[in-house]
Amino acid sequence: MSELHPVVIGAGPAGLACAKALLEAGLRPVVLEENPRPGGQGTRRLSPLMTPEAERLFGHAQAGATARREAEEDRVLAACDWRPGSLVWGIFDNRLAILRDGRHDSLPYDRLLIATGATDRIMAFPGWTLPGVFSLGAAQVALKQHAAFIGSRVVLAGASPLLYLAAAQYLRMGVRHLTIVDAASRAQKRRAAAGMAMTGLSTLIEGLRLLRELRRPDVRRIDGADLVRAIGGERLEAVEIRHASGRTETLACDALAFGHGLRPETQLAELAGARFSFHPQLRNWFPIIDADGRAGQRLWLAGDGAMTGGREAAAYSGRLAALSMLADRAGAASPVTREARALRRRARRLRRFQVHSAGAFPWPHEQAAAMPDDTIICRCERVTAGEIRKAVSSTAGPVEINRVKAITRCGMGRCQARFCGPTLQELTAAASGRPVESVGRLRAQAPLRPIPVGSADEEARA
Amino acid sequence: MTQSFDAVIVGGGLFGAFTGLFLTRMGKRVALVERGHVGAQSSGANFGKLRLQGRAIEQYPLSLAAQSHWENFESLTGEGCEYDRTGMIYLASSPDGRQKLLKYAQNSLACGLEVEVVEGEALRRKMPWLAAQDGMIASCSTRCAVANPRLGTPAVVRAMLRGGGVLFDNAEVTRIAHGSNGFTLSGPTLDTVSAPVLVNAAGAWAAAICAQFGEEVPLIAAGPPQFVTEPLPYTLRPSLYTIEGDLLLRQIPRGNFIFAGYPRTLANADGEHTLVPPQKTLAGMRSVARKLPFLRHAEVIRVWSGVEGYLPDMLPVLGPSQTTPGLFHAFGGSGGGFQIAPAVGENLAYQICGRPPPVDLTRYSIGRFSSNLVVSEKMTSEFDPSGYDRRC
Chain A
1 MSELHPVVIG
11 AGPAGLACAK
21 ALLEAGLRPV
31 VLEENPRPGG
41 QGTRRLSPLM
51 TPEAERLFGH
61 AQAGATARRE
71 AEEDRVLAAC
81 DWRPGSLVWG
91 IFDNRLAILR
101 DGRHDSLPYD
111 RLLIATGATD
121 RIMAFPGWTL
131 PGVFSLGAAQ
141 VALKQHAAFI
151 GSRVVLAGAS
161 PLLYLAAAQY
171 LRMGVRHLTI
181 VDAASRAQKR
191 RAAAGMAMTG
201 LSTLIEGLRL
211 LRELRRPDVR
221 RIDGADLVRA
231 IGGERLEAVE
241 IRHASGRTET
251 LACDALAFGH
261 GLRPETQLAE
271 LAGARFSFHP
281 QLRNWFPIID
291 ADGRAGQRLW
301 LAGDGAMTGG
311 REAAAYSGRL
321 AALSMLADRA
331 GAASPVTREA
341 RALRRRARRL
351 RRFQVHSAGA
361 FPWPHEQAAA
371 MPDDTIICRC
381 ERVTAGEIRK
391 AVSSTAGPVE
401 INRVKAITRC
411 GMGRCQARFC
421 GPTLQELTAA
431 ASGRPVESVG
441 RLRAQAPLRP
451 IPVGSADEEA
461 RA
Chain B
463 MTQSFDAVIV
473 GGGLFGAFTG
483 LFLTRMGKRV
493 ALVERGHVGA
503 QSSGANFGKL
513 RLQGRAIEQY
523 PLSLAAQSHW
533 ENFESLTGEG
543 CEYDRTGMIY
553 LASSPDGRQK
563 LLKYAQNSLA
573 CGLEVEVVEG
583 EALRRKMPWL
593 AAQDGMIASC
603 STRCAVANPR
613 LGTPAVVRAM
623 LRGGGVLFDN
633 AEVTRIAHGS
643 NGFTLSGPTL
653 DTVSAPVLVN
663 AAGAWAAAIC
673 AQFGEEVPLI
683 AAGPPQFVTE
693 PLPYTLRPSL
703 YTIEGDLLLR
713 QIPRGNFIFA
723 GYPRTLANAD
733 GEHTLVPPQK
743 TLAGMRSVAR
753 KLPFLRHAEV
763 IRVWSGVEGY
773 LPDMLPVLGP
783 SQTTPGLFHA
793 FGGSGGGFQI
803 APAVGENLAY
813 QICGRPPPVD
823 LTRYSIGRFS
833 SNLVVSEKMT
843 SEFDPSGYDR
853 RC
């Protein structure tokens, strides 16, 4: 039986680094990417509308480096079996279910790398479903993809590495009214900085540089304040925040972007057979991988989808996973080269950085208990906090999160709990008085994205 | 410390819950023991169909008795379960299917279920949204209904608790001892409970209890894949079933279309879940696209399944054990357990109390597997042949 090509899902930094290493070894990987263009999220490519603005958005040095990196990525992809616009919506029996250009395909694999990255981790709050409220990631997509600000009077809020990055990019592109509401206090950030300096000095310096850039008279920065509610009739008109002192303040605005760190996109990994463990400091579930990113007999995971660590860590882990795949192919348990050891060390350090940075970007889990009953948690199915509490506390009621979903419909809609899941976890834990890890983890089931009914009918299409 | 009851029921699915409810109503002290959460498997994850058409004539007494309970679910349990008398359209497009449909319609009429058979121009007028096909014929019943399976079991369990029953959930049974004074059950998170009567309502896991008492049953664990679209304007009230088994669909008032796919899917090796293979999702979508062209652009947003027990003749096992006095079985809904569950519980409760049940349960006896087994045509049409062979 002939050997199958290795398959890489996700053309962000991790997937591309993996593909490159596989090419160097003489293999021709299949690279699948949901988006029409490579790049991933944090390193999302500019749309043609925005390309002329690259220097302004990234700064001169960064713009040059970005252009060189993208040219290199294009060279790598040209040598691969590159299939952009491929939606992998299921994995079963070592085959991928793919929808591309309206056609379904089933692709078998021997060795699979999943590098699906991360999205904003969001804690719901009253009014977050109003038009005009975005995630921090979406605020960046608006700029890079659509060449648009999310509004003209913008509030960026929460606690996330994306907070200051989005702020800087908006300012460089000329947004006039910008307010930053950082949920972490200065003291919290200072405490976290020590650990961050030891594990990821360059990333910390990058962050400090952003903070300095944002120290301008026309930018208001508030530290240690929480979002109380988004206010508006048809759309967002203001945001109410609570300062560390307890005083509340209303900020008039027409757009808000918020987020509380990142959460890995793990549904495909789960369908491919990955198992999960709970990380107490990050208060979230992560797929179980070995030092090289291996998660199963034919499965490797890399990048933020395995363990959040940013672009650099993603690239290291992608390359390391490729070396592990190659060692496995040669019949070895794991790669023993000096390069592999160095990569392991670096990836490990950057992941420790992530744990330290959790102090600077705290996940506001305590807000779940205090959330008003009428707060919408699941925006797809319009399920409120009160409905979830009622279900959890009813006799013979559910205290396991998949059962809470089944009874309340929270997480059953289009996004399949990718946005409301973290809040649902905390609410279930708070309402049942149990530790969050004991209420379980939401299970994934294909399809991971909505698929049109008619796409399955080949005859009608032909 | 051992807690004593009149009856211990193993399995917090709908069979176990209704048995518990009726036993408490008859004055018995009941313990319902569930290893996870009540109504978590096929009782909570099924299609929600309360279908009366398309049944063998012998099944009607149990089904009609059950339907009356569903119609009075609120007064029975004190809670709603989104019961809705939507009616049902049973549809055939093949010549073979047409014959079967007419036979089933006769069965229905003979048992007192009113159905209206339509075809040709009348059918097209009545259901203009169906992709027209020559020879298509439909029988329609207004008494068929639907309910929300996710809400049903917890409501029945709560009613049982209000009647004095006791629930042990998150309590896996790992040991069942049997002696002169009855059954004694225990487990890592279950303090010892004992009773002279044991009800085996453990669904797909019931075969292990049977085996302990020397009864072999060819039970397989599987789940029907179910698919749901995004919400669309509510236009289709009745449920729609094809006799060929390639389509089973309904719309719920909030707008989502739910459809079930065949063949059914064997449960995962862990026996806890059923992952739906993508090709089954696609096969289900294909049938919908061809029969109901107006749904071609609707998007499937979610797929789910559960784990349920199937028997080769697609009938449940109900009634007393053949080997062990005091042991009663109620499992193996075979994809049709949801509708009959209230009558299963009621009739079993009668038997347990030593009273003649309103419906004769003899045909559902576990003893039927000791003689030659008749494999239902539904078993062969609703499962992958390979999957069925693998397990039996």
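Chains as they are written, first to last, in the working numbering: chain A, 1 to 462; chain B, 463 to 854. Beta carbons: idealized from backbone N, C-alpha and C, even for Gly.
For a cutoff of 7 Å on Cβ pairs, would you count B:Ile763 as touching chain A? yes
Could you compute how far the alpha carbon of A:His243 sits from the alpha carbon of A:Ala225? 4 Å
Measure the Cβ-Cβ separation of B:Asp775 and B:Ser838 and say whether it is below 7 Å. yes
Using a Cβ cut-off of 7 Å (strictly closer), state whether A:Phe92 contacts chain B. yes
So, does the CB of A:Ala446 fall closer than 7 Å to a CB anywhere in chain B? yes
Cutting at 6 Å between CB atoms, please list the residues of its own chain near A:Gly413, excluding the five before and the five after it. Cys380, Glu381
A:Arg252, enclosing beta strand (DSSP E) - first and last residue: Per the sequence shown, residue 252 of chain A should be read as Ala rather than Arg. Looking at the DSSP string, the run of the beta strand (DSSP E) that includes A:Ala252 is 248-252.
Counting only beta-carbon atoms, is B:His531 nearer than 7 Å to chain A? no
Going along the segment 742-773 of chain B in order, which residues come within less than 7 Å of chain A, judged by CB to CB distance? Thr743, Leu744, Met747, Arg748, Val750, Ala751, Arg752, Leu757, Arg758, His759, Ala760, Glu761, Val762, Ile763, Arg764, Val765, Trp766
Determine, for A:Val31, whether the minimum Cβ-Cβ distance to residues of chain B falls below 7 Å. no
What's the call for A:Arg438, buried or exposed, on a 16-neighbour Cβ count within 10 Å? Sequence check: residue 438 of chain A is Ser here, not Arg. Its Cβ having fewer than 16 others within 10 Å, A:Ser438 is exposed.
Looking at A:Val141: is its Cβ nearer than 7 Å to the Cβ of A:Leu178? no
Minimum length 3: unbroken beta strand (DSSP E) runs contained in the segment 65-136 of chain A: 81-84, 86-92, 95-100, 103-108, 112-114, 118-120, 133-135
Starting from the beta carbon of B:Val692, find every residue of chain A whose beta carbon is closer than 7 Å, and list them in chain order. The sequence shown places Glu at residue 692 of chain B, not Val. Within 7 Å Cβ-Cβ: Arg414, Pro450.
Look up B:Leu647 in the DSSP assignment and say whether it is helix, strand or coil. strand
Members of the segment 601-631 of chain B that neighbour chain A once the beta carbon cut-off is set at 8 Å: Arg612, Leu613, Pro616, Val619, Arg620, Leu623, Leu629, Asp631
Around the C-beta of B:Thr486, are 16 or more other C-beta atoms found within 10 angstroms, so that it is buried, or is it exposed? buried
Nearest-angstrom Cα separation, counted from A:Ala19 out to A:Pro84: 14 Å
I'd like to know if B:Pro557 contacts chain A, where contact means its C-beta is closer than 7 Å to some C-beta of that chain. no
Answer yes if the segment 445-454 of chain A comes into contact with the segment 305-312 of chain A, meaning at least three C-beta pairs across the two stretches below 8 Å, and no otherwise. no
Provide the residue(s) that pair with A:Ala147 in DSSP beta bridges, ordered along the chain. Its beta-bridge partners do not exist; DSSP assigns none.
For A:Ala274 versus A:Leu210, is the C-beta distance shorter than 7 Å? no
Going along chain A in order, which residues have a C-beta closer than 8 Å to the C-beta of B:Leu728? In chain order: nothing, as chain A lies at least about 12 Å away.
What do you reckon, are the CB atoms on A:Ala255 and A:Ile150 nearer than 7 Å? yes
If you draw a straight line from the alpha carbon of B:Ala584 to that of A:Gly433, how long is it in whole angstroms? 59 Å
Would you kindly check if the distance between the Cβ of A:Met123 and the Cβ of A:His260 is under 7 Å? yes
DSSP state of A:His60 mapped onto helix, strand, coil: helix
Between the segment 297-304 of chain A and the segment 262-276 of chain A, do at least 3 Cβ pairs fall closer than 8 Å? yes
What does the Cβ neighbour count give for A:Gln416, buried or exposed, with the cut at 16 atoms within 10 Å? buried
So which residues of chain B does A:His104 contact, with C-beta pairs closer than 7 Å? Leu744
Residues bridged to A:Val239 by DSSP? A:Ala230, A:Leu251
Using a Cβ-Cβ distance under 7 Å, would A:Thr395 count as near chain B? yes
In whole angstroms, what separates the C-alpha of A:Thr250 from that of A:Val175? 20 Å
To which residues of the same chain is A:Ala25 closer than 7 Å at the C-beta, ignoring the five residues directly before and after it? Leu326
Contact list for B:Leu702 against chain A, beta-carbon separation under 7 Å: Per Cβ cutoff of 7 Å: no residues; B:Leu702 is ~15 Å from chain A at best.
What are the boundary residues of the alpha helix (DSSP H) that includes A:Gly386? 385-393
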